[in-house]
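Peer 1: In order, the protein sequence lines correspond to chains A and B.
Heads up: take any position in the first sequence, counting from 1, add 4, and you land on my numbering.
Heads up: take any position in the second sequence, counting from 1, add 923, and you land on my numbering.
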Amino acid sequence: MDTNLFTIALLLPLVGFLINCFFGKSLGKTMVGILSTSTVGIAFALIVTQFLAVINDASPTKDVWFDWIQILNYSIDFGFYYDQLSILWLLFVTGIGTLIHLYSTSYMHEDKDFHKFFAYLNLFVFFMMVLVTGSNLLMMFIGWEGVGLCSYLLIGFWYQNQDYNDAAKKAFIMNRIGDLGFLIGIFSLLHIFGTIDFTDIRSLLEYENLGTSIGILSIATLGLFIGATGKSAQLPLFTWLPDAMAGPTPVSALIHAATMVTAGIFLITRMNFIFDLTPNVQYLIAVVGAITSIVAASIALVQNDIKKVLAFSTVSQLGLMFMALGLGAYEVAVFHVITHAFFKACLFLGSGSVIHAIGGEQDMRHMGGLKNTMKTTYITFLISSLAISGIPPLSGFFSKDEILLTAFHHNPVLWIIGSVASILTAFYMFRLVFLTFFNNFRGTKEQEDHLHESPASMTLPLVILALLATIGGLISIPGSSWLNKYLAPVIVNNAQSQTHTLGTTEYILMGIAVIGALIGIGVAFVKYIKNKHVPVNDNNIPGLQKLLVEKYYIDDIYQFLIVQPINFLGSFFKRNIETLIGGLISGMGLLAGEVSYQAKKSQNGNIGLYLFVFVIGVCAIMYYLFIAN
Amino acid sequence: MEHVLQIIGIDHYIYLSLLLFCIGVFGILYRRNAIVMFMSIEIMLNAANLLLVAFSNYHEDANGQVFVFFTMAVAAAEVAIGLAILVAIYRNIGTIDIDNLKNLKG
Chain A
5 MDTNLFTIAL LLPLVGFLIN CFFGKSLGKT MVGILSTSTV GIAFALIVTQ
55 FLAVINDASP TKDVWFDWIQ ILNYSIDFGF YYDQLSILWL LFVTGIGTLI
105 HLYSTSYMHE DKDFHKFFAY LNLFVFFMMV LVTGSNLLMM FIGWEGVGLC
155 SYLLIGFWYQ NQDYNDAAKK AFIMNRIGDL GFLIGIFSLL HIFGTIDFTD
205 IRSLLEYENL GTSIGILSIA TLGLFIGATG KSAQLPLFTW LPDAMAGPTP
255 VSALIHAATM VTAGIFLITR MNFIFDLTPN VQYLIAVVGA ITSIVAASIA
305 LVQNDIKKVL AFSTVSQLGL MFMALGLGAY EVAVFHVITH AFFKACLFLG
355 SGSVIHAIGG EQDMRHMGGL KNTMKTTYIT FLISSLAISG IPPLSGFFSK
405 DEILLTAFHH NPVLWIIGSV ASILTAFYMF RLVFLTFFNN FRGTKEQEDH
455 LHESPASMTL PLVILALLAT IGGLISIPGS SWLNKYLAPV IVNNAQSQTH
505 TLGTTEYILM GIAVIGALIG IGVAFVKYIK NKHVPVNDNN IPGLQKLLVE
555 KYYIDDIYQF LIVQPINFLG SFFKRNIETL IGGLISGMGL LAGEVSYQAK
605 KSQNGNIGLY LFVFVIGVCA IMYYLFIAN
Chain B
924 MEHVLQIIGI DHYIYLSLLL FCIGVFGILY RRNAIVMFMS IEIMLNAANL
974 LLVAFSNYHE DANGQVFVFF TMAVAAAEVA IGLAILVAIY RNIGTIDIDN
1024 LKNLKG
């Protein structure tokens, strides 16, 4: 492997960011678009060449730039680590990143802050690359915080709207809570091992008997997991992701579906060797993942905003990935990350295409019948919906089925929860498809006249992603999985993923999953095509549905339990404590002022008095020096 | 040759310079005319010079007397500047009574 090429690939998006940042306005929109897309595209091409190299010759390379921090016995490198896992991640970050940059050149063309948008996107790609290639946890943390920052900037991109700003702040603060866990994890690991370098920890674990420090190790893995729940939108920190849909749609596709939210999964997969040592935390991860998947899927059933449905669907799919991680099936989670990146990016970009066509309308109740006017968008959207629903032979079928199979072998309850979540997924995805693309158009007359298929630079990424969503499953066919072999050096304990003998049970389970998905689609078909049901206004919903519409009141609970007490505390401190401290400080100021005002009067300009005081002073000094002692 | 300190003892020089110094101090405190105050300062300076010479002789060390020459040179310069200032003040306000000099207020 050639580390220089990686360095170039890594720095290209940063260069793109800097150029856009400083000269973007004068370059003009066309140049900015070409520049940003090509920096990420070239980075992708470079990584592809290295990827081909790593398939043939699988030796990970560590590229240390310099010694970053040296305190006592600890030393932290500023370095990058290129192995199978990081290259795989780089590949789809830059690959999907390129497609989304291309898409954005059309989607954002009317926006006056065009160059700013592309600067942020490039910066995001750069930080994501740092995140996945960092050679130790602190390097990863740089990228981790960087993508959090870019996420904030992009969610609040249309900053004139206060709601969007609030959504951006919410995402940032929620992530901060997770980051605290991440930091605790880093410190604990530093305490146990004296290093936070991935390769060092891994080799230390081979020789050392941890013994008593296994308790601290549990704290460390729990901390890392909390960090992962923040970034990857799991319970209880998932509420930021649906709100993050305030950002432009390409951002939702890039950050909140394909790349940034997978950082938590990357983290746990990267540190798989320590998670394997703490089964309690693994169990917790599996349970949290399962609950998140079912909770988010049920909320998605009743959402009417096209992007919100997709957002909750993302949360739900991430929950399934975490379930796989918790069961120790890291390759399976990675597999689902990849397929999910394909079809979810396609779905988001498709929804962006729809929103673009209707002139900014995101409410599905005002859509419908778009399949005639937007053929490419419709077909790609349909393929991706089938993929996410788990219909064979599309990619989602393979990856989701792997997760459910793993769950079945370990814990049937988790399998049931995952299966139900999958059925719900099929239902709400086709609810979305039917409401958007079928029946008659329900918007205004002007919107209907305005309907059009998006330009080629938007449909091309859709077609490519739909193609990938179709064939993406081939990288890990049950029985002879290329992905499992590829990732074998990264994952220490890969016994979980090798237990695939396709027996009768497995085929029955596959059948159940497919039938479940078909039932979900069927129910959606009956409800929304046959009966032409259109969701009613949010205020008139009875009973259980109301609970779902209100997202289990989780936001309200947080508001009540956390936000309000903090606000109360804040106003208490402002009213009472600040008055006290402020009074004390300004009292001192007033005192000094008064004293000096009085003392000023003695300086009356009378030289005789000055001399008198001077002589008395000299006499006093004389007395003190010669007589008093 | 009889040593000068054997004719008049060292303590008399001390008393004399002390007296001169006190005269200077009281002159400064009680008189209001800037020139007289200036003369009082010179008296104090010369009291110090006298003491310096006396002790120099007492210790049979010529350094003290060399210092006195320096002091006198500096005093001459100081007088030149001081008188120039007084002339400037007189030209400005028409008097050198320090009770009228109250512009140096803080």
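Cβ atoms here follow ideal geometry from the backbone N, Cα and C, with glycine treated the same way.
To the nearest whole angstrom, what separates the beta carbons of A349 of chain A and A261 of chain A, a pair I think is in contact under 8 Å?
Peer 2: Indeed, because the Cβ distance is near 6 Å, the residues count as touching under 8 Å.
Peer 1: State the CB to CB distance for the pair F401 of chain A and F529 of chain A, rounded to an integer number of angstroms; the pair is presumed to be in contact (CB under 8 Å).
Peer 2: So it is not a contact: roughly 19 Å between Cβ atoms.
Peer 1: Roughly how many whole angstroms lie between the Cα atoms of F564 of chain A and N571 of chain A?
Peer 2: Near 10 Å, if we compare the C-alpha coordinates of N571 of chain A and F564 of chain A.
Peer 1: With DSSP as the reference, label S236 of chain A as helix, strand or coil.
Peer 2: Coil at S236 of chain A, not helix or strand.
Peer 1: Counting only C-beta atoms, is N24 of chain A closer than 9 Å to chain B at any point?
Peer 2: No - not a single Cβ of chain B is within 9 Å of the one on N24 of chain A.
Peer 1: Does any C-beta atom of chain A lie closer than 9 Å to the C-beta of G1029 of chain B?
Peer 2: With a pLDDT of 47 at G1029 of chain B, under the threshold of 50, the modelled position of that residue is not reliable, and no figure is offered here.
Peer 1: In whole angstroms, what is the alpha-carbon distance linking V527 of chain A and A521 of chain A?
Peer 2: V527 of chain A and A521 of chain A: Cα-Cα distance of roughly 10 Å.
Peer 1: According to DSSP, is D115 of chain A part of a helix, a strand, or is it coil?
Peer 2: DSSP places D115 of chain A in coil when its eight states are reduced to three.
Peer 1: For F616 of chain A, return the contacting residues in chain B, with the cut-off set at a CB-CB distance below 7 Å.
Peer 2: Near F616 of chain A (Cβ distances below 7 Å), the residues of chain B are L952.
Peer 1: In the segment 977 to 1011 of chain B, which residues sit with their C-beta less than 8 Å from some C-beta in chain A, listed in chain order?
Peer 2: Against chain A - using a Cβ distance shorter than 8 Å - the segment 977 to 1011 of chain B contributes no residues.
Peer 1: Can you tell me whether DSSP reads Q74 of chain A as helix, strand or coil?
Peer 2: Three-state DSSP puts Q74 of chain A in a strand.
Peer 1: One question on the structure: do G329 of chain A and I269 of chain A come within less than 9 Å of each other, judged by their Cβ atoms?
Peer 2: Note that residue 329 of chain A is Leu in the sequence shown here, rather than Gly. Yes; because the gap between Cβ atoms is below 9 Å, this pair is in contact.
Peer 1: What did DSSP end up calling G1029 of chain B once you bin it into helix, strand or coil?
Peer 2: Since pLDDT at G1029 of chain B reaches only 47, below the 50 mark, its modelled position is unreliable, and no value is offered.
Peer 1: Where does S458 of chain A sit, in a helix, a strand or coil, going by DSSP?
Peer 2: Reduced to three states, the DSSP call for S458 of chain A is coil.
Peer 1: Leaving aside the five residues before and after A13 of chain A along the sequence, list all residues of the same chain whose C-beta is less than 6 Å from its C-beta, in chain order.
Peer 2: Here the set comprises A47, L50, I51.
Peer 1: Determine the closest residue to T65 of chain A out of A:F55, A:I611, A:I181, with distance taken between C-alpha atoms.
Peer 2: Answer by Cα proximity: A:F55.
Peer 1: Quick check on V494 of chain A: does DSSP put it in helix, strand or coil?
Peer 2: Coil at V494 of chain A, not helix or strand.
Peer 1: Alpha carbon to alpha carbon, how far is F21 of chain A from Q154 of chain A? Give it in angstroms, no decimals.
Peer 2: It is worth fixing the name first, because residue 154 of chain A is Cys in this sequence and not Gln. Rounded to the nearest angstrom, the two C-alpha atoms are 12 Å apart.
Peer 1: By DSSP's criteria, V68 of chain A is part of a beta bridge. Which residues make up the other side?
Peer 2: According to DSSP, V68 of chain A bridges with A:G83.
Peer 1: I believe M967 of chain B touches G987 of chain B by the beta-carbon criterion, under 8 Å. Please report the beta-carbon distance rounded to the nearest angstrom.
Peer 2: Contact doesn't hold; Cβ gap of about 18 Å is too wide.
Peer 1: Give the single residue among A:L125, A:Q74, A:Q286 whose Cα lies nearest to the Cα of V97 of chain A.
Peer 2: Ranking the options by Cα distance to V97 of chain A, first place goes to A:L125.
Peer 1: Pull up the distance between the alpha-carbon of K312 of chain A and that of P246 of chain A, whole angstroms please.
Peer 2: Straight-line Cα distance between these residues: approximately 6 Å.
Peer 1: Strictly under 9 Å for the Cβ-Cβ distance: is V1061 of chain B near chain A by that measure?
Peer 2: Any answer about residue 1061 of chain B is impossible in this case: the structure gives chain B only from 924 up to 1029.
Peer 1: Anything in chain B within Cβ reach of I611 of chain A, meaning under 7 Å, just list it in chain order.
Peer 2: Here the neighbours are I1021, L1024.
Peer 1: Shorter than 9 Å from the beta carbon of R1014 of chain B to some beta carbon of chain A?
Peer 2: Not an interface residue.
Peer 1: Nearest by alpha-carbon distance to V19 of chain A: which of A:N8, A:T7, A:S42 is it?
Peer 2: Checked all of A:N8, A:T7, A:S42; the closest Cα to V19 of chain A is A:S42.
Peer 1: Around the C-beta of P17 of chain A, are 16 or more other C-beta atoms found within 10 angstroms, so that it is buried, or is it exposed?
Peer 2: Looking at its Cβ environment, which holds 16 or more other Cβ atoms inside 10 Å, P17 of chain A is buried.
Peer 1: Examine the Cβ distances between the segment 131 to 139 of chain A and the segment 161 to 179 of chain A and report whether three or more of them are shorter than 8 Å.
Peer 2: Contact fails: fewer than three Cβ-Cβ distances are below 8 Å.
Peer 1: In this structure, what does DSSP give as the bridge partners for D201 of chain A?
Peer 2: BP columns for D201 of chain A point to A:N140.
Peer 1: Please state if the CB of L428 of chain A and the CB of L634 of chain A are separated by a distance shorter than 9 Å.
Peer 2: Missing from the structure shown is residue 634 of chain A; chain A here goes from 5 to 633 and no further.
Peer 1: Between L89 of chain A and I342 of chain A, what straight-line distance do the alpha-carbon atoms span, to the nearest angstrom?
Peer 2: Going by the C-alpha atoms only, they are around 12 Å apart.
Peer 1: Opposite S480 of chain A in the DSSP bridges: which residues?
Peer 2: Paired residues: A:S485.
Peer 1: Whose CA, out of A:I519, A:A290, A:N308, A:S480, lies closest to the CA of H414 of chain A?
Peer 2: Comparing Cα-Cα distances from H414 of chain A to each of A:I519, A:A290, A:N308, A:S480, the minimum goes to A:A290.
Peer 1: I need the straight-line Cα distance from G363 of chain A to L288 of chain A, nearest angstrom please.
Peer 2: Approximately 44 Å, taken between the alpha carbons.
Peer 1: Compare the beta carbon distance of F385 of chain A and T463 of chain A with 9 Å and say whether it is the shorter of the two.
Peer 2: No, Cβ-Cβ distance for F385 of chain A and T463 of chain A is not below 9 Å.
Peer 1: For A957 of chain B, does the count of other Cβ atoms within 10 angstroms reach 16, so buried, or fall short, so exposed?
Peer 2: Flag for A957 of chain B reads buried.
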